[in-house]
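In the working numbering, the protein residues as written are 16 to 422. Idealized CB from N, CA, C, for every residue including glycine. Have a look at the structure below, then the notes.
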Amino acid sequence: GMLRYGIPNYKLEKDVISAEIDIIKELGVEIKCGVEVGKDITLDELRKQGYKAFYIAVGAQGGRKAGIEGEDAEGVFTAVEFLHECAATEKFDLGKDVVVVGGGNVAIDAARVARRCGGKNVQMFCLEARNEMPAADYEIEEAEEDGVKINCSWGPKEIIKKKDKVKAIVFKKCVQVKDEQGRFAPVYDEDDTITVECDNVILSIGQSIVWGNLLDGAATIINKNGTLQADEKTLQTAQEDIFVGGDAYTGPRFAIDAIATGKEAAISIHRFVQPHSSLTIGRNPRYYVELDKDDIVLESYDNSSRQIPQATKQVKELGFRDDDKFLTEEQVKTETARCLGCGATIVDKNRCVGCGICTTKCEFDAIKIVRERPNCSNMVKAEDKMKKILPYMIKRQIKIKKASKNK
């Protein structure tokens, strides 16, 4: 879905996705393409065929409009539909002047792809100030390298049409994006406006989940934002045989977040179809407590920033192939040695046997083992271990020799 059609080809080559799909097929998974569940077949019909559990991960493949006058004009697209078409065909009929509305990573993708599809003058307009943009810093830098002009603190007010086609878009000054509680509540200066002439407008102001008839008859609950309600640990919905993950559960996030929920849901489904199994007992709750980085000194750690690969080409060419960026040998060493901003997780008591090896392997002496009930058992000191182990080793060797002679 979104990996193939939502991420530009120059970021994620499609042969990489195809190779991953081939691995899934080799594992024995049967993939049926061109089937719309809820239209071509229903969940009830699949249950009658013997399927015991369902995992729904349809993503957020719908684009949101701004709700302004003129957005129905010819030449106005959502970023989702624009990127989908470009990922499939690597071309799109755009004019010379293109405006992208939005400041997130998807908006960056739309602007960079627009440059590759013939847009000579591509501009981005977003509500946030430059240091508040939701897009990653390196994404913004790469967009500017591609020739995209970024205009901050502007929100769309109206799209002007001429004979049903886009002629220009009017923006109003955004003086505040969030309220005192940090909630999204933009405030505008309606008198401070600019009019930007353009041939196309690409709206990248949010995504939506398109359910269609997929959940007809199901006891599932859809939240106000369109996501499916489910248990946060097991990802099981109100209908016990339906599980959900990815953007359909979390709302639009990174691909790795969707992959993570997929793995958790797979554990739940495996347990669900096994008789007398619990979805929660003995499961790693993945509970993390973030370190208070303002109250500790990290200078003894390698806390260098994430390494960014540099373009190997002297002259950048705007195309749909990978930019051929690699980490240098020195960057690889720095990246693999640095301390990541992790937190302290609780110990999985179903796996930890208290051997203490982790305390000896951590270079920074960051792991400690503390006995909560020292009177419940006796621990052998390291210097006395051989005294305890040696007699057993000798007995074991004798038994092995006897057994081999008897054969």
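DSSP bridge partner residues for residue i (one or two, in chain order)
i           : result
residue 171 : 186
residue 112 : 136
residue 199 : 193
residue 143 : Answer by DSSP bridge pairing: none, since residue 143 is not bridged.
residue 212 : 183
residue 84  : 173
residue 52  : 56
residue 164 : 138
residue 237 : 243
residue 251 : 258
residue 223 : 77
residue 204 : 188
Beta carbon of residue i nearer than 8 Å to that of residue j
i           : j           : result
residue 80  : residue 294 : no
residue 125 : residue 115 : yes
residue 127 : residue 23  : yes
residue 113 : residue 137 : yes
residue 208 : residue 187 : yes
residue 192 : residue 247 : no
residue 222 : residue 78  : yes
residue 260 : residue 250 : yes
residue 215 : residue 109 : yes
residue 270 : residue 18  : yes
residue 144 : residue 168 : yes
residue 233 : residue 58  : yes
residue 292 : residue 286 : yes
residue 435 : residue 90  : The displayed coordinates of the chain run from 16 to 422. Any statement about residue 435 would go beyond what the structure contains.
Residue span of the beta strand (DSSP E) that contains residue i, given as start and end
i           : result
residue 215 : 215–218
residue 258 : 257–259
residue 92  : 91–93
8 Å contact criterion, which residue i and residue j should meet: CB distance rounded
i           : j           : result
residue 75  : residue 274 : Rounded, the Cβ-Cβ distance is 15 Å, inconsistent with contact.
residue 174 : residue 84  : 7 Å
residue 172 : residue 163 : 22 Å between Cβ atoms; not a contact.
residue 256 : residue 88  : No, residue 256 and residue 88 are not in contact; Cβ-Cβ is about 45 Å, not under 8 Å.
residue 117 : residue 284 : Contact doesn't hold; Cβ gap of about 36 Å is too wide.
residue 253 : residue 235 : 5 Å
residue 189 : residue 142 : 4 Å
residue 72  : residue 371 : Actually they are not in contact, since the Cβ atoms of residue 72 and residue 371 sit about 40 Å apart, beyond 8 Å.
residue 70  : residue 258 : 5 Å
Sequence-distant residues of its chain with Cβ nearer than 6 Å to residue i (five each side left out)
i           : result
residue 194 : 200
residue 92  : 217
residue 262 : 74, 75
residue 63  : none
residue 105 : 335
residue 33  : none
residue 382 : 373, 374
residue 86  : 80, 174
residue 158 : 123, 126, 127
residue 135 : 111
residue 346 : 322
Where the alpha helix (DSSP H) containing residue i begins and where it ends
i           : result
residue 75  : Taken as a continuous stretch (DSSP letters only), residue 75 belongs to no alpha helix (DSSP H), as it is neither H nor E.
residue 287 : 270–288
residue 351 : 344–352
residue 319 : Where residue 319 is concerned, there is no enclosing alpha helix (DSSP H), given that its DSSP letter is neither H nor E.
residue 33  : 29–41
residue 59  : 58–63
residue 373 : 372–376
residue 24  : Note, residue 24: premise wrong, no alpha helix (DSSP H); not H, not E.
residue 387 : From DSSP, residue 387 is part of no alpha helix (DSSP H); its letter is neither H nor E.
residue 127 : 120–131
Proximal residues to residue i (C-beta, below 7 Å), its chain only, five neighbours per side dropped
i           : result
residue 154 : 120, 123
residue 228 : 53, 54
residue 337 : 25, 28
residue 342 : 322, 324, 350
residue 140 : 114, 116, 166, 169, 186
residue 132 : 101, 106, 107, 109
residue 204 : 187, 188, 190
residue 288 : 67, 68
residue 151 : 120
residue 176 : 85, 88, 182
Distance cut-off 7 Å: residue i Cβ against heavy atoms of the ligand FAD
i           : result
residue 403 : Summarising the ligand content, the structure contains no ligands, and the ligand FAD is consequently not present.
Chain-order list of residues whose beta-carbon lies under 8 Å from that of residue i (same chain, five-residue window excluded)
i           : result
residue 212 : 112, 182, 183
residue 36  : 46
Proximity test, Cβ basis, 8 Å: residue i and chain D
i          : result
residue 43 : Structure shown: chain D not included; a single protein chain is present.
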